[in-house]
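In our numbering, the protein residues as written are 6 to 153. The block underneath contains the structure these notes are about, expressed in structure tokens.
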Amino acid sequence: MHTFKKYRLIFSILLIITLSYFLYNTMNTRSQETSTAAAIHPLITCRKVGERFQPIEPTATFYVDSPEIHSLLQFENLPKESKLTAKWFYGSVDQEPFHVASIDISGSDTVHFWLQAPASGWYIGSYRIEIYLNEERIETREILVTYK
């Protein structure tokens, strides 16, 4: 009788270990399948944007008579209630931005930020675009405006 209890105890322990192993592997596989890392691709500046948000004439140099400056940012798997903000600065020194645009985003998509030229044209010099995700700066892009 004593041997039966001993085997029953060993069997119970092995059963618990086996069930724990399978439960752990099942849960771990599910979390790997459902959680995909968020990704943000580098900011692209360009002269024009196509119908499907593809950059046309990508460049970091624009001209004083350029009608617009476009920037595209592609992202993937961002959680709900994420917020992207673009801050535009004239010059490379720290100062207040002359334009700020924000958009609430989630999932995977492309954001299109752009500025129309002032009536008198762009000032010659360097400009800076800073991109923020939920108040944290994630990218800075320098562009140049010059004569043709």
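We treat Cβ as the ideally placed atom computed from N, Cα and C, and that holds for glycine.
Can you list, in chain order, the residues of its chain with a C-beta nearer than 7 Å to that of I143? Leave out the 5 residues immediately preceding and following it. Along the sequence shown, one-based indexing puts residue 143 at 138. The answer, listed in chain order, is I45, I136 and Y137.
Where does the unbroken beta strand (DSSP E) through L138 begin, and where does it stop? As a first step, residue 138 is located in the sequence shown; it is residue number 133 there, counting from the start. Residues G130 to L138.
Do W127 and S76 have their CB atoms nearer than 8 Å? In the sequence shown, the residue the question calls residue 127 occupies position 122. In the sequence shown, the residue the question calls residue 76 occupies position 71. With respect to the 8 Å criterion, W127 and S76 are not classified as neighbours on the basis of their beta carbons.
Would you call the CB atoms of H117 and F80 closer than 8 Å? Taking the sequence shown and counting its residues from 1, the one referred to as residue 117 is at position 112. Taking the sequence shown and counting its residues from 1, the one referred to as residue 80 is at position 75. No, the Cβ-Cβ distance between H117 and F80 is not below 8 Å.
Starting from S76 and walking both ways along the beta strand (DSSP E), at which residues does that stretch end? Here residue 76 refers to the residue found at position 71 of the sequence shown. Residues E73 to Y95.
If we call anything under 8 Å between Cβ atoms a contact, is Y95 one with Y152? Sequence index remark: in the sequence shown, residue 95 carries index 90 (1-based). Sequence index remark: in the sequence shown, residue 152 carries index 147 (1-based). In this structure, Y152 does not lie closer than 8 Å to Y95 by Cβ.
Could you tell me if L89 is buried or exposed, where buried requires 16 or more neighbouring beta carbons within 10 angstroms of its beta carbon? For the purposes of this step, residue 89 is taken as the residue at position 84 of the sequence shown. That one is buried.
Proximity winner among V150, E141, T41 and A42, relative to K92 (alpha-carbon distances): The count along the sequence shown starts at 1 and reaches residue 92 at position 87. Residue E141 is the option with its Cα nearest to K92.
In whole angstroms, give me the CA-to-CA distance for E86 and I108. As a first step, residue 86 must be located in the sequence shown, where it is residue number 81. As a first step, residue 108 must be located in the sequence shown, where it is residue number 103. C-alpha separation (whole angstroms): 10 Å.
Report buried or exposed for V105, applying the criterion of at least 16 other Cβ atoms within 10 angstroms of its Cβ. Mapped onto the sequence shown, residue 105 falls at position 100. Burial state of V105 is exposed, judged by a 10 Å Cβ sphere holding fewer than 16 other Cβ atoms.
Proximity to V69 [Cα-Cα], best of P84, G130 and T41: The residue given as residue 69 occupies position 64 in the sequence shown. Check the Cα spacing between V69 and each of P84, G130 and T41: the tightest is with G130.
Cβ neighbour criterion (16 or more within 10 Å) applied to I110: Looking up residue 110 in the sequence shown gives position 105. Under the 10 Å beta carbon count, I110 is surrounded by 16 or more other beta carbons and is classified as buried.
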